[in-house]
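Novice:
2 protein chains.
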Amino acid sequence: MGKVLRGRSGRRRGAPDTKGEILAAARQVFGERGYDGASVRAIAAAAGVDPALVHHYFGTKEKLFLAAMDIPFDPSAIAGAIMDDTSGAGIGERAIRTFLAVWGQPAGRAPILALLRSAMQNEAAARLLRQFVTRAILGRVLSIFEGVPNGALRAEAMVSHLIGLAIVRYVVKLEPIASVPDEDLVRLIAPVLQRYYDGAFEQD
Amino acid sequence: MGKVLRGRSGRRRGAPDTKGEILAAARQVFGERGYDGASVRAIAAAAGVDPALVHHYFGTKEKLFLAAMDIPFDPSAIAGAIMDDTSGAGIGERAIRTFLAVWGQPAGRAPILALLRSAMQNEAAARLLRQFVTRAILGRVLSIFEGVPNGALRAEAMVSHLIGLAIVRYVVKLEPIASVPDEDLVRLIAPVLQRYYDGAFEQD
DNA sequence: GGCGAAATTCATCATGTGATGAATAATGCG
DNA sequence: CGCATTATTCATCACATGATGAATTTCGCC
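These protein sequence lines are chains H and Y, in that order.
In case it helps, this note's numbering puts the first sequence at residues 1 to 204.
In case it helps, this note's numbering puts the second sequence at residues 1 to 204.
#1: State the CB to CB distance for the pair residue 136 of chain Y and residue 126 of chain Y, rounded to an integer number of angstroms; the pair is presumed to be in contact (CB under 8 Å).
#2: Confirm, please, whether the CB-CB distance from residue 25 of chain Y to residue 52 of chain Y is below 8 Å.
#3: What residues from the stretch 100-130 of chain Y come within 7 Å of chain H, judged by C-beta to C-beta, listed N to C?
#4: Note down the Cα distance separating residue 202 of chain H from residue 32 of chain Y, rounded to an integer number of angstroms.
#5: Let me know the secondary structure DSSP gives residue 9 of chain Y once reduced to three states.
#6: Return the residue from the list H:188, H:195 and H:189 that minimises the CA-CA distance to residue 190 of chain Y.
#7: Counting contacts by CB-CB distance shorter than 8 Å, is residue 156 of chain H in contact with chain Y?
#8: With distances taken Cα to Cα, identify the nearest neighbour of residue 106 of chain Y among Y:160, Y:128, Y:141 and Y:171.
#9: Report all residues from its chain with a CB closer than 8 Å to the CB of residue 150 of chain Y; omit the five preceding and five following residues, and keep chain order.
#10: Please look up how many angstroms separate the CB atoms of residue 111 of chain H and residue 27 of chain H, rounded, as I've assumed it's under 8 Å.
#11: Measure the Cβ-Cβ separation of residue 68 of chain Y and residue 23 of chain Y and say whether it is below 8 Å.
#12: Using a C-beta cutoff of 8 Å, does residue 148 of chain H count as contacting chain Y?
#13: Determine the burial state of residue 160 of chain Y: buried for a count of at least 16 other Cβ atoms within 10 Å of its Cβ, exposed for fewer.
#14: Residues in the stretch 181-203 of chain H with C-beta within 7 Å of chain Y's C-beta atoms, listed in sequence order?
#15: Drop a sphere of 10 angstroms on the beta-carbon of residue 121 of chain Y, count the other beta-carbons inside from all chains shown, and report buried for 16 or more, exposed for fewer.
#16: Find the residues of chain H that neighbour residue 152 of chain Y, judging by a C-beta separation of less than 9 Å, and give them in chain order.
#17: So, does the CB of residue 33 of chain Y fall closer than 8 Å to a CB anywhere in chain H?
#18: What residue does the alpha helix (DSSP H) around residue 34 of chain Y start on, and which one ends it?
#19: Given residue 14 of chain H, which residues of its chain have a CB within under 7 Å of its CB, disregarding the five upstream and five downstream residues?
#20: With a cut-off of 8 Å on the beta carbons, I'd call residue 54 of chain H and residue 44 of chain H a contact; round off their distance for me.
#21: Run through the stretch 128-173 of chain H for me and flag every whole alpha helix (DSSP H) of 4 or more residues, listed as ranges in chain order.
#22: What residue range does the alpha helix (DSSP H) around residue 99 of chain Y cover?
#23: Can residue 153 of chain Y and residue 99 of chain Y be called in contact, C-beta distance under 8 Å?
#24: Rounded to the nearest angstrom, how far is the Cβ of residue 141 of chain Y from that of residue 157 of chain Y, given a contact under 8 Å?
#25: Residue 55 of chain H CB to nearest chain Y CB: under 8 Å?
#26: Kindly list the residues whose CB is nearer than 7 Å to the CB of residue 36 of chain Y, restricted to its own chain and excluding five residues on each side of it in sequence; keep chain order.
#27: Can you give me the Cβ contacts of residue 104 of chain Y inside the same chain, cut-off strictly under 8 Å, excluding the 5 residues immediately before and after it?
#28: Look at the alpha carbon of residue 59 of chain Y and the alpha carbon of residue 19 of chain H, and state the distance between them as a whole number of angstroms.
#29: Using the beta-carbon of each residue, which ones in chain Y are nearer than 9 Å to residue 40 of chain H?
#30: Listing by chain order, which chain Y residues have their CB less than 9 Å from the CB of residue 36 of chain H?
#31: List the residues of chain H that residue 29 of chain Y touches, going by C-beta distances under 7 Å, in chain order.
#32: Suppose you measure from the CA of residue 176 of chain Y to the CA of residue 40 of chain Y; what does that come to, to the nearest Å?
#33: Using a Cβ cut-off of 8 Å (strictly closer), state whether residue 49 of chain H contacts chain Y.
#34: Which chain Y residues are close to residue 143 of chain H, counting only those with a beta carbon under 8 Å from its beta carbon?
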């Protein structure tokens, strides 16, 4: 039997982007188990690296989390899709389409899932999610709801539906909603979301 | 100084419903931190009891959780409120009203919050929540959606919105939706939910 | 009133956690 | 080449966790 493959001390050869691999592993594991549930050891294992190296690069688990949550996804892409049209017409469909595009691929949903899962177990993470939703989502969408009566409330109601959808479809995996094709969801949900915009202008 | 108040070994006097107190504490702590986050020690402390007593009564943490999730709330009360009328008319308003009634008081939301939080960190709990939603909610509401095209899907879409609302309002506490009066929420959300029923009969 | 059963706590174990510091190996600048 | 710097692992700490078994105190039946 030759030498043991892993376990040799000291620097490795070449110039592997170890820090990046740790970050990627962190996003995945945080996404699967949330902040408290993800152990530094598990993240290190997923990155194929000694746990101490994680601390060497990021100092503390919390800093690693913050680093992993940074640049969660391309903000301009999302904002762009939603803001394609600054009028309220079709905002329901644009919202659900953007949502499905981001959550459809694991890489896209990992950071938000991590934030969401963590927010359920950790007040600090809840604060983080709050400010993320406020800044990254509402801050942009709100311009559409600007001048709309109860605009903020209506926008948040839309967001709350999408968060619930994320949980039911991607976490709890309730059938049939977990397996239904994207297009069916768009047809089902878009007009309902749209009502949060249109409803503002109806008589009471 | 007199004797120490707590810490004396052996059976206590009187006939305190200790088992019930542990269950209540379990519901609260599980509700606050989820399954993984709630330690047996924390639950015991909340019940004013030694951790070993928890194991004495319930054997294992998992069994305690199952016991705490049992009879989470009066099923007939909820089903009754939703089923008041077996027609689809007004189902949107009845759904949000029932939701607010249950989640409005801590005792009502604790068990479901516990299930929800735990489902985000624990696959086993996710399975539990899935079957709870299926049996306790959908199983009853579905009779209204019986014969409705895509009835199950529409019912689940409604539920997903309410779950998202629960998270945004009671966990993440996003403002203004976290503080808005119940009646305002009813006015805002009821007609939107209603659309999941009415929409089934519109032309495509 | 005595005695078995139940209720309650204490002491303890094995395990997993985040974190730290020292040791080893490769890199790259001079 | 030589040597400081960086990347990497190992050994270890202090602490929290779920769980178990023995010891202590009260209850309730006969």
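Glycine residues also receive a C-beta, built at the ideal position from the N, C-alpha and C atoms.
Fair warning: this is a prediction, and the values are worked out from it, not measured in the lab.
Specialist: Answer, in terms of the structure:
#1: What you label residue 136 of chain Y is simply residue 136 of the second sequence in a count that begins at 1. What you label residue 126 of chain Y is simply residue 126 of the second sequence in a count that begins at 1. With a Cβ gap of about 16 Å, residue 136 of chain Y and residue 126 of chain Y do not count as contacting.
#2: In the second sequence, counting from the first residue as 1, residue 52 of chain Y sits at position 52. In the second sequence, counting from the first residue as 1, residue 25 of chain Y sits at position 25. The answer is no: Cβ separation not under 8 Å.
#3: 117, 119, 120, 121, 126, 129 and 130
#4: Your numbering for residue 202 of chain H matches position 202 in the first sequence. Your numbering for residue 32 of chain Y matches position 32 in the second sequence. Going from the Cα of residue 202 of chain H to the Cα of residue 32 of chain Y covers about 40 Å.
#5: For the purposes of this step, residue 9 of chain Y is taken as the residue at position 9 of the second sequence. Reduced to three states, the DSSP call for residue 9 of chain Y is coil.
#6: Position 190 of the second sequence, counting from 1, holds the residue named residue 190 of chain Y. The shortest C-alpha separation from residue 190 of chain Y is found at H:195.
#7: As a first step, residue 156 of chain H is located in the first sequence; it is residue number 156 there, counting from the start. It does: the Cβ of residue 156 of chain H has a partner Cβ on chain Y nearer than 8 Å.
#8: Sequence index remark: in the second sequence, residue 106 of chain Y carries index 106 (1-based). If we check each option's Cα against that of residue 106 of chain Y, Y:171 comes out closest.
#9: Indexing the second sequence from 1 puts residue 150 of chain Y at position 150. Answer for residue 150 of chain Y: 200, listed in chain order.
#10: In the first sequence, counting from the first residue as 1, residue 111 of chain H sits at position 111. In the first sequence, counting from the first residue as 1, residue 27 of chain H sits at position 27. With 8 Å as the limit, residue 111 of chain H and residue 27 of chain H qualify as a contact, their Cβ atoms being about 6 Å apart.
#11: In the second sequence, the residue the question calls residue 68 of chain Y occupies position 68. In the second sequence, the residue the question calls residue 23 of chain Y occupies position 23. Going by C-beta atoms, residue 68 of chain Y is nearer than 8 Å to residue 23 of chain Y.
#12: For the purposes of this step, residue 148 of chain H is taken as residue 148 along the first sequence, with counting starting at 1. Chain Y contact via Cβ: absent.
#13: Within the second sequence, the letter at position 160 stands for residue 160 of chain Y. Residue burial annotation: residue 160 of chain Y is buried, with at least 16 other C-beta atoms found within 10 angstroms of its C-beta.
#14: 188, 189, 191, 192, 195, 196 and 199
#15: Here residue 121 of chain Y is taken as the residue at index 121 of the second sequence, counted from 1. Answer is buried; the Cβ neighbour count reaches 16.
#16: Start at 1 with the first residue of the second sequence, and residue 152 of chain Y comes out as number 152. Result: 175, 176 and 177.
#17: Here residue 33 of chain Y is taken as the residue at index 33 of the second sequence, counted from 1. Using a Cβ-Cβ cut-off of 8 Å, residue 33 of chain Y counts as an interface residue toward chain H, since at least one Cβ of chain H sits closer than that to its own.
#18: For the purposes of this step, residue 34 of chain Y is taken as residue 34 along the second sequence, with counting starting at 1. Start and end: 18-37.
#19: Residue mapping note: residue 14 of chain H aligns to position 14 of the first sequence, counting from 1. Excluding sequence neighbours, residue 14 of chain H sits near nothing in its chain.
#20: In the first sequence, the residue the question calls residue 54 of chain H occupies position 54. In the first sequence, the residue the question calls residue 44 of chain H occupies position 44. The pair is a contact, with the Cβ atoms about 5 Å apart (cut-off 8 Å).
#21: 151-166
#22: Position 99 of the second sequence, counting from 1, holds the residue named residue 99 of chain Y. Segment 91-104, the alpha helix (DSSP H) holding residue 99 of chain Y.
#23: Within the second sequence, the letter at position 153 stands for residue 153 of chain Y. Within the second sequence, the letter at position 99 stands for residue 99 of chain Y. No, they are not a contact pair.
#24: Sequence index remark: in the second sequence, residue 141 of chain Y carries index 141 (1-based). Sequence index remark: in the second sequence, residue 157 of chain Y carries index 157 (1-based). Incorrect: roughly 12 Å between the Cβ atoms, too far for contact.
#25: Counting from one through the first sequence, the residue named residue 55 of chain H turns up at place 55. Chain Y, which has no Cβ nearer than 8 Å to the Cβ of residue 55 of chain H, makes this no.
#26: Here residue 36 of chain Y refers to the residue found at position 36 of the second sequence. Closer than 7 Å at the Cβ level, and outside the excluded window around residue 36 of chain Y, lie 121 and 122.
#27: Reading the second sequence from its first residue, position 104 is the one you call residue 104 of chain Y. Excluding sequence positions up to five before and after residue 104 of chain Y, its CB lies within less than 8 Å of the CB of 182, all in the same chain and listed in chain order.
#28: For the purposes of this step, residue 59 of chain Y is taken as the residue at position 59 of the second sequence. For the purposes of this step, residue 19 of chain H is taken as the residue at position 19 of the first sequence. Computed Cα separation, rounded: 44 Å.
#29: Residue numbering aside, residue 40 of chain H sits at position 40 when the first sequence is read from its first letter. Within 9 Å Cβ-Cβ: nothing; residue 40 of chain H doesn't reach chain Y, min ~16 Å.
#30: Along the first sequence, one-based indexing puts residue 36 of chain H at 36. The contacting residues are 33, 34, 36, 37 and 121.
#31: Counting from 1 along the second sequence, the entry for residue 29 of chain Y is found at position 29. From the beta-carbon of residue 29 of chain Y, no residue of chain H is found nearer than 7 Å; the closest lies around 12 Å away.
#32: As a position in the second sequence, residue 176 of chain Y is number 176, starting the count at 1. As a position in the second sequence, residue 40 of chain Y is number 40, starting the count at 1. Cα to Cα, residue 176 of chain Y sits roughly 35 Å from residue 40 of chain Y.
#33: Here residue 49 of chain H corresponds to residue number 49 of the first sequence, with the count starting at 1. It does not; no Cβ of chain Y falls within 8 Å.
#34: Along the first sequence, read from residue 1 onward, the residue named residue 143 of chain H stands at position 143. The premise fails here: residue 143 of chain H is roughly 17 Å from chain Y at the closest Cβ pair, so nothing lies under 8 Å.
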